[in-house]
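Asks: Count the sequence shown with the working numbering and you get residues 2 to 445, in order. Ideal Cβ positions, reconstructed from N, Cα and C, are used throughout, including at glycine. Keep in mind the model is a prediction, meaning the values are calculated, not measured.
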Amino acid sequence: MTAKDFGKNFKWGVAIAAAQNEGATDVDGKGKSIWDSFTQNGSKIKGAAKLTTACDFYHRYKDDLLLVKALGFSLFRFSISWARILPDGTGKINKEGINFYHRVIDECLKLGLIPYVTLYHWDLPQELENKGGWTNYFINKWFSRFVTICAEAYGSKVKHWIILNEPFGFTTLGYMLGKHAPGKKGLGNFLPAIHHAALAQAEGGRIIRKLVEEAHIGTTFSCSQVIPYSDKKEDLAAANRIDILMNRLFIEPALGKGYPVDDSFKFLEKLQLHNKTWKYTERLHFDFDFIGLQYYFPVVVKHNSYIPIIQATEVKATVRKMPVTAMGWEINADSFYRTIKKIWLYGGVKEILITENGAAFKDELKNGIIDDRARINYFNQHLQAMLKAKKEGVNIKGYFAWTLMDNFEWSEGYHPRFGLVHVDLKTQLRTIKNSGYWWRDFLQ
Ligand code: GAL
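(1) Give a single yes or no on whether Q445 has its beta carbon closer than 7 Å to a heavy atom of the ligand GAL.
(2) Following a CB-centred definition, is S223 positioned closer than 7 Å to any heavy atom of the ligand GAL?
(3) With a cut-off of 8 Å, do at least 3 Cβ pairs link the segment 233-240 to the segment 290-307?
(4) If I'm right that A201 touches L165 with Cβ under 8 Å, what's the distance once you round it to whole angstroms?
(5) What did DSSP end up calling T221 once you bin it into helix, strand or coil?
(6) Comparing the CB of W403 with every heavy atom of the ligand GAL, is any distance shorter than 7 Å?
(7) Enumerate, from N- to C-terminal direction, the unbroken alpha helix (DSSP H) stretches of 4 or more residues contained entirely within the segment 76-110.
(8) For the segment 337-399, which segments carrying the beta strand (DSSP E) assignment without a break, of at least 3 residues, lie completely within its bounds, in sequence order?
(9) Rounded to the nearest angstrom, what separates I140 and F409 at their Cα positions?
(10) Does the segment 334-342 touch the segment 282-296, meaning 3 or more C-beta pairs lie closer than 8 Å?
(11) Could you have a look at F291 and say whether DSSP puts it in helix, strand or coil?
(12) Bridge partners of E331, per DSSP?
(13) Comparing C-alpha positions only, which one of I311, F39, A19 sits nearest to K31?
(14) Closest to W123 by CA distance: which of F79, K271, L110, L114 is it?
(15) Please find out if some non-hydrogen atom of the ligand GAL comes closer than 7 Å to the beta-carbon of G170.
(16) Report, in whole angstroms, the separation of the C-beta atoms of F380 and S336, which I expect to be a contact under 8 Å.
(17) Verify whether the separation of the beta carbon atoms of F191 and T172 is less than 8 Å.
(18) Can you determine whether any heavy atom of the ligand GAL sits closer than 7 Å to the C-beta of N381, and answer yes or no?
(19) Where does W36 fall in DSSP's three states?
(20) Among Y415, F266, Y347, which residue has its Cα nearest to the Cα of P309?
(21) Can P261 and L250 be called in contact, C-beta distance under 8 Å?
(22) Out of curiosity, what's the CA-to-CA distance linking H286 and T119?
(23) I want to check one thing, is the minimum distance from the CB of A203 to the heavy atoms of the ligand GAL below 7 Å?
(24) Below 8 Å, how does it come out for the segment 347-367 and the segment 375-390: are there three or more Cβ pairs, yes or no?
(25) Just the Cα atoms here: how many angstroms apart are W1 and I150?
(26) Is W13 close to the ligand GAL? I mean its beta-carbon at under 7 Å from any heavy atom of the ligand.
(27) Ignoring anything shorter than 3 residues, give me the beta strand (DSSP E) runs that lie fully in the segment 103-158, in order along the chain.
(28) Let me make sure I understand the geometry here. Which of R284, I228, P229 has the alpha-carbon closest to that of A255?
(29) Would you say F7 touches the ligand GAL, meaning its beta carbon is less than 7 Å from a heavy atom?
(30) Are the Cβ atoms of I106 and V159 separated by less than 8 Å?
(31) Would the segment 49-66 and the segment 89-98 be scored as touching if the rule is three or more Cβ pairs under 8 Å?
(32) The alpha helix (DSSP H) that contains K211, what's its start and end?
(33) Looking only at its chain, what residues have a beta carbon closer than 6 Å to the beta carbon of H161, apart from the 5 residues adjacent to it on each side?
(34) I'd like the list of long-range same chain contacts for R321, defined as Cβ closer than 7 Å, with 5 residues on each side in sequence excluded.
Here's what the structure looks like:
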C-alpha cells in the first residue's frame, strides 16, 4: 500500500494544537488560558507538567513546518489560541497574536502546505472561564466575535476551517468529570456546556461562510465504535447509551436532526428541556462541507447500575487482553473502518476528513534512532481500514496523522508520545522517528 492507492486527489496532513505545542504562554501579550491555569496546580496533571515551553512551536514554527514538508505532507492542521488573539477573551485585540498566526500561515503557503485552521482546540481564555466559560449563555457571543476576528484577519489566505475540536471531549472531561481544564463537574455544568458548544459549532460555521469566500468548512468529532460486552439486553442498552453520548450527541444537532432522543435515556430529556427553554433548535444545524472524524480506539461497555446517569462501565482493553497503546487504548483498525462507515451512513455528511488518528507508544531513542515499529503498524493497519471504507464508496478526502511531534498530552502531561518526530523536552532537539520516515516513503 502506498499513498497512490488512495487516488491522486486524496490529501495527507499532520495536525497539532496551540496549547499542546506553542509554549510562550505569557509572551507578546498572550492572555491566560484555562489550560495555563489548570497546569499551574500541578497535582491535576501527571508529572506536574506545564505549558510554558511545550515544544516551543511559537519560536520554532519555521523549522517545524520544514519537517512537515520534509516528511511529504501537503496539509498542516493547527489551532489558534483564543487568548493570544484576545487576551481577556472579548476586549482588546492583541496585534502580536494576530501577527504570529500570519507568520505561520505565510510560512505554510511559502512551503506549499495548505493550512487547516482549528478555531477552538480547548484553550478557552481564563477570563471567560471566570464568567462561567462554556456554561455561560454569552459564550456564543464571545466565540462569534473571536471567529469573526480570525475570519477577517486570515480569510483571504486560509480557506479550510475547523470550528471545534471534539466538543464531546472538552465538555465531558472539562465540565462533567473535572479531569481536564477548567476542572468542573456535574450535570449543572455539563448540560449547558453541551448546548452552548453545539450552538457554537453551527454559529461558527455560519460566520466563516459569511466572511470567507470559497471557504471549506468542517468541525471535528471524536468517534469510537461502542461494543456491548455481551448479548445481554442490559449490556446492549448500556452500549446504546454510551453510543448516544460519545458518537451522536454533537453530530446529530449539527446535521439538523436535533439532539439524539431516546426514551431509555432520561438524561437527554433534561438537555431537551434546556434547549426548549432557549428555543434554539434550528440554530444547531449548519451545512458543513466536511465532517472531521477523529478516531483512536473502540470502547466495550457493560451495564453497571452503580454508575449514575449512564449506568454503564467500560471493560478496559487490558482486562480483555487486547493489544493496547501506551495510553491503554485498544488497537483495533476494523473498528476504525466501522466508525467511518457509520458516520457516512448517517446521510447528510457530504465529505469526511480524518482530522486525527495516531498512537502513543513507549519510544526508545538509541544512537539517534527511534525504531517505533508499533506506531508504523498502527498507521499501516488504520490506513488499510480507511482504504477499505473508501473503496466501498465513502467520500473520504483526506487524513491527518496525530501528531507532528511529541507534545503536551493534556492531563497525561508529556509522558505519552504521539509524534512522528521525537522531541527532547530539555533541549528541544527534534529527531525524526522511523514512523516519520515510513510516512515519507509512503507518501513518495
Ligand atoms: C484528541 C485531541 C488531541 C490529542 C489526541 C490524543 O482527543 O483532540 O488534542 O490529544 O486526542 O490523545
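Replies: According to the data block:
(1) no
(2) yes
(3) yes
(4) 7 Å
(5) strand
(6) yes
(7) 83-86
(8) 353-357
(9) 26 Å
(10) yes
(11) strand
(12) V325
(13) A19
(14) F79
(15) yes
(16) The pair is not a contact, with the Cβ atoms about 15 Å apart (cut-off 8 Å).
(17) yes
(18) no
(19) helix
(20) F266
(21) yes
(22) 19 Å
(23) no
(24) yes
(25) Residue 1 cannot be examined here, being either before or after the span of the chain that is shown, 2 to 445.
(26) no
(27) 115-121
(28) R284
(29) no
(30) yes
(31) no
(32) 188-212
(33) Y117, H217
(34) V301
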